[in-house]
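This report refers to the structure that appears directly beneath it.
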Ligand code: C2E
Ligand code: MG
Ligand code: MG
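In the working numbering, the protein residues as written are 179 to 607.
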């Protein structure tokens, strides 16, 4: 069943910083099973957390030292039949050769995590790094060596959402993605260089006065073949490929640029955060940098986090939100109602805004259950002193009902669709 074997690469090209194989060479070390080399047992991708922020704060030579230390530590935990490569700025790929079952492979993953987590000396400083690992076992559906690494990468992006120091084994749904998805993935990597991404702004209104009170930044992709793509069409792929962090940093910068241009008394700018951004301190550093570079009152900036992201690890979420909040920004729970959070959960989180999910707003007036739920969400928000916003308003009767229920903030296609920056700016004058 296993199709690949691991062979020793002698004349392979190497990564100049660590001396390890590079991405191409490790793929070449995986050859179709032909009697040479040892059978491929498992593939792991090790991702160092917060590497880019350490690199920025302590300098590139410290960054290189960390990479070399990690490389040595990982290598020392492997056997002669295993191979290791550096495949990205802070990513290593490891293939285990020989008879390896999933228990052995996860044991290796645990040892590798511990090896990275041991304190590291950097001159006079002691630094603590952590990693996440995605792990995949060979499968009959793997057609080319890249397939198993891609499944390991999919497992990695899922485990990162759960916080540092964890590994995860690839799931059946991580198997070779469709051709279309692969094409979009490759094109998305290029989209940054080709400046194909843009940010649109959807106004949020005071339902009573009709005044624009906020704008939500929503990323769009001007795809050369598919035209303008909405966030929901590619955010999932960006998350799976790890591109969502870079995307998030870029959207934040763009959105703040725009918000500054609206003038000091202009609406609040709302920016969405992804789950992986929330699992890493980089977002705090990004936000601090972005606020330092823009003359904007932080209270005019609101970050949106979906309810299900927050519930993943409540303690961790609460402390991460507090660190963001300490920078003076406001925080919103997005898609509220879809994640089954309770009053006690909400009380523990330092949030300012509840955005009631469209699926509940859809049913008000016609569905008694939805009407009751929305009524109680509005009361809950008021009792906690939170601002409550209705998402996805598509009809006038919803506006009327929301106002009688005591909700005075709303967003939706009926009021205004997301629009390019210039169009939004002209709404303000
Ligand atoms: P969200 O934050 O809940 O954003 C609202 C989504 O609902 C947007 O879709 C918006 O276009 C759509 N929408 C607003 N009003 C209506 C309405 O009346 N009817 C209908 N049918 N839809 C409405 P979009 O832009 O495709 O975004 C989808 C999701 O992708 C967002 O949900 C957000 O979670 C995520 N997203 C968007 N931009 C970003 C970004 O820059 N970074 C991250 N991490 N996520 C983003
Ligand atoms: Mg949102
Ligand atoms: Mg939402």
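Using N, Cα and C, we set each Cβ at its ideal position, and we do this for glycine too.
Where does residue 322 fall in DSSP's three states? coil
Helix, strand or coil, according to DSSP, for residue 315 in the structure here? coil
Runs of alpha helix (DSSP H) lying entirely within the region 520-599, each at least 4 residues, in chain order: For the region 520-599, whole alpha helix (DSSP H) runs of length 4 or above, ordered along the chain, are 521-526, 536-541, 546-561 and 574-583.
Cα-Cα separation, residue 533 to residue 490: 18 angstroms
Can you tell which of 409, 324, 479 and 538 has its C-alpha closest to the C-alpha of residue 218? 324
Using the beta-carbon count (16 or more within 10 Å), is residue 474 buried or exposed? buried
Determine the direct distance from the alpha carbon of residue 508 to that of residue 578, and round the result to whole angstroms. 28 angstroms
Considering Cα atoms alone, identify which of 601, 607 and 458 is closest to residue 377. Nearest to residue 377 by alpha-carbon distance, out of 601, 607 and 458, is 601.
Close Cβ partners of residue 191 (< 6 angstroms) along its chain, the five nearest in sequence each way excluded: Closer than 6 angstroms at Cβ, skipping near neighbours: 200 and 203.
heavy atom of ligand 1 below 8 angstroms from residue 569 C-beta: yes
Under a three-way DSSP split, which group does residue 184 fall into? strand
To the nearest angstrom, how far is it from the Cα of residue 186 to the Cα of residue 522? Roughly 56 angstroms between the two C-alpha positions.
Which runs of the alpha helix (DSSP H) spanning at least 4 residues fall entirely within the region 354-437, listed in chain order? 357-371 and 409-418
Give me the Cα-Cα distance between residue 215 and residue 259, rounded to the nearest whole angstrom. 8 angstroms
Burial state of residue 642 (16 or more Cβ within 10 Å): In this structure the chain extends from 179 to 607, so residue 642 is not present and cannot be described.
Close-in-space but distant-in-sequence residues of the same chain around residue 687 (CB under 7 angstroms, 5 per side omitted): Nothing can be reported for residue 687: it is not among the residues displayed for the chain, which extend from 179 to 607.
Selected residue, minimal CA-CA separation from residue 294, among 247, 327 and 205: 247
Quick check for students: name the residue ranges of the alpha helix (DSSP H) that lie wholly in the region 236-320, counting only runs of 4 or more. 238-254 and 280-295
Which full runs of the alpha helix (DSSP H) of 4+ residues lie inside the region 473-511, going along the chain? Unbroken alpha helix (DSSP H) runs of no fewer than 4 residues, entirely contained in the region 473-511, are found at 485-489 and 492-503, following chain order.
Distance, Cα to Cα, residue 180 vs residue 316? Confidence is the limiting factor: at residue 180 the pLDDT is only 46, short of 50, which leaves the residue's position unreliable, though a coordinate-based value still follows. Going by the C-alpha atoms only, they are around 6 angstroms apart.
So, under 8 angstroms CB-CB, residue 221 and residue 271 are touching, yes? Tell me the CB distance rounded to an integer number of Å. 7 angstroms
Return the Cβ separation of residue 289 and residue 255 in integer angstroms, given the expectation that the two are a contact with Cβ distance under 8 angstroms. 5 angstroms
Reduced DSSP category for residue 452 - H, G, I as helix; E, B as strand; rest coil: coil
Length of the line joining the Cα atoms of residue 526 and residue 535: 21 angstroms
Output the boundary residues of the beta strand (DSSP E) element that contains residue 217. Taken as a continuous stretch (DSSP letters only), the beta strand (DSSP E) holding residue 217 covers 216-226.
Heavy atoms of ligand 2 versus C-beta positions, residues under 7 angstroms: Going along the chain, the residues that qualify are 394, 448, 450, 482, 512 and 533.
Could you pull the DSSP bridge partners for residue 446 from this structure? As computed with DSSP, residue 446 is found in a beta bridge with 392.
Exposed unless 16 or more other CB atoms sit within 10 angstroms - verdict on residue 373: exposed
Say the cut is 8 angstroms; is the CB of residue 345 nearer than that to a heavy atom of ligand 1? no
C-alpha gap between residue 464 and residue 335, whole angstroms: 20 angstroms
Using three-state DSSP, classify residue 192 as helix, strand or coil. strand
Under 9 angstroms, do residue 485 and residue 449 count as touching if we go by C-beta distance? Cβ distance not < 9 angstroms, so residue 485 and residue 449 don't count as in contact.
beta-carbon residue 455 near ligand 1 non-hydrogen atom, thresh 8 angstroms: yes
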